[in-house]
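Enquirer: Structure in structure tokens, see below.
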Amino acid sequence: RGINKMNFAQIRSMDISNGEGIGVSIFVQGCPIHCNGCFNSEAWDFNGGKRWTIDTKNKLLELLDKPYISRCSILGGEPLAKQNMQDICKLCKEIKDKFPEKKIWLYSGYQYESLSSEQFKVLLFVDVLVDGRYDETLKNPSLKFRGSSNQRVINIPETLKQNKVILYCD
């Protein structure tokens, strides 16, 4: 797959459902977790979707460069899968460097406490982590920003500062 290892399923230029405010969302391709009832199972195949290229990244940055866009949400697939992590880390760093006022929301099936040191590096650029596997038996449509009650919406800067999980909202 060349220099860039990551593929992506889609980019939404105006997304109001995957974080606070109006955002741009990128859905990465590939997930090793395969939660039952996943809303995006077509993004499980790492070879599916479209290639992540410099042009695609530049298009995403252009979409973010609007005053009414307050965040970038990164979903999947699985952004923290080893095949996607390097590109996601670079992307998050570039977004923070270019738009420090914009929030980065990252959705992962991995739990915060079980992240590897390499996965953890990505969090240095993330504002909100929605963690944990989607559990169909705990599905609750009234929850904000998550699909099942076992998932958490974590305030990453505060969590890193206090060295314990601090919820963004419940």
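Residue numbers (my numbering): 92 to 261.
C-beta atoms are modelled at their ideal positions from N, C-alpha and C, and glycine is treated no differently.
#1: Using DSSP's beta-bridge definition, name the partner residues of LEU220.
#2: Give me the Cα-Cα distance between ARG142 and LEU229, rounded to the nearest whole angstrom.
#3: Would you call the segment 115 to 133 in contact with the segment 204 to 212, where contact means no fewer than 3 C-beta pairs closer than 8 Å?
#4: According to DSSP, which residues form a beta bridge with GLY114?
#5: Considering just the uninterrupted stretch of the alpha helix (DSSP H) at LYS192, what are its terminal residues?
#6: What are the boundary residues of the alpha helix (DSSP H) that includes SER240?
#7: Give me, in chain order, the residues of the same chain whose beta-carbon lies closer than 8 Å to that of ILE247; leave out the 5 immediate sequence neighbours on both sides.
#8: Do you know whose CA, among ILE179, GLU204, ASP226, lies nearest THR147's CA?
#9: When the distance is taken between beta carbons, is ASP222 closer than 9 Å to SER199?
#10: On the CB-based measure, 16 or more other CB atoms within 10 Å of its CB, does SER51 come out buried or exposed?
#11: With a CB to CB cut of under 8 Å and the five nearest residues on each side skipped, what residues in its chain are close to ALA134?
#12: Closest to PHE190 by C-alpha separation, out of ASN131, LYS150, VAL256, SER161, would be which residue?
#13: Starting from the C-beta of LYS181, find all residues in its chain whose C-beta is less than 6 Å away, skip the five residues before and the five after it, and write them out in chain order.
#14: For the alpha helix (DSSP H) that GLN210 lies in, which residues bound it at each end?
Expert: Taking the geometry as given:
#1: In the sequence shown, counting from the first residue as 1, residue 220 sits at position 129. DSSP output for LEU220 lists LEU197, ILE245 as bridge partner(s).
#2: Numbered from its first residue, the sequence shown carries residue 142 at position 51. Numbered from its first residue, the sequence shown carries residue 229 at position 138. Using only the alpha carbons, I get a separation of about 34 Å.
#3: no
#4: In the sequence shown, residue 114 corresponds to position 23, counting from 1. For GLY114, which the question treats as bridged, DSSP gives the partners ASP106, ARG162.
#5: Start at 1 with the first residue of the sequence shown, and residue 192 comes out as number 101. A small correction: the amino acid at residue 192 is Glu; Lys does not occupy that position in the sequence shown. Premise fails: GLU192 is in no alpha helix (DSSP H) and is neither H nor E.
#6: Reading the sequence shown from its first residue, position 149 is the one you call residue 240. Element bounds for SER240: n/a, residue is neither H nor E.
#7: Here the question's residue 247 lines up with position 156 in the sequence shown. Only LEU214, VAL217, ASP218, VAL219, LEU220 meet the Cβ criterion.
#8: Here residue 147 refers to the residue found at position 56 when the sequence shown is read from its first residue. Of ILE179, GLU204, ASP226, the residue nearest in Cα terms is ILE179.
#9: Within the sequence shown, the letter at position 108 stands for residue 199. Within the sequence shown, the letter at position 131 stands for residue 222. Their beta carbons are under 9 Å apart, which means SER199 touches ASP222 by this criterion.
#10: Not covered by the structure: residue 51. The range shown for the chain is 92 to 261.
#11: Position 43 of the sequence shown, counted from the start, is the residue given in the question as residue 134. ALA100, PHE118, VAL119, GLN120, GLY121, CYS122, GLY140, GLY167, GLY168.
#12: Taking the first residue of the sequence shown as position 1, residue 190 is located at position 99. If we check each option's Cα against that of PHE190, SER161 comes out closest.
#13: Here the question's residue 181 lines up with position 90 in the sequence shown. Excluding positions up to five away in sequence, the list is empty.
#14: The sequence position of residue 210 within the sequence shown is 119, counting from 1. Start and end: 208 to 213.
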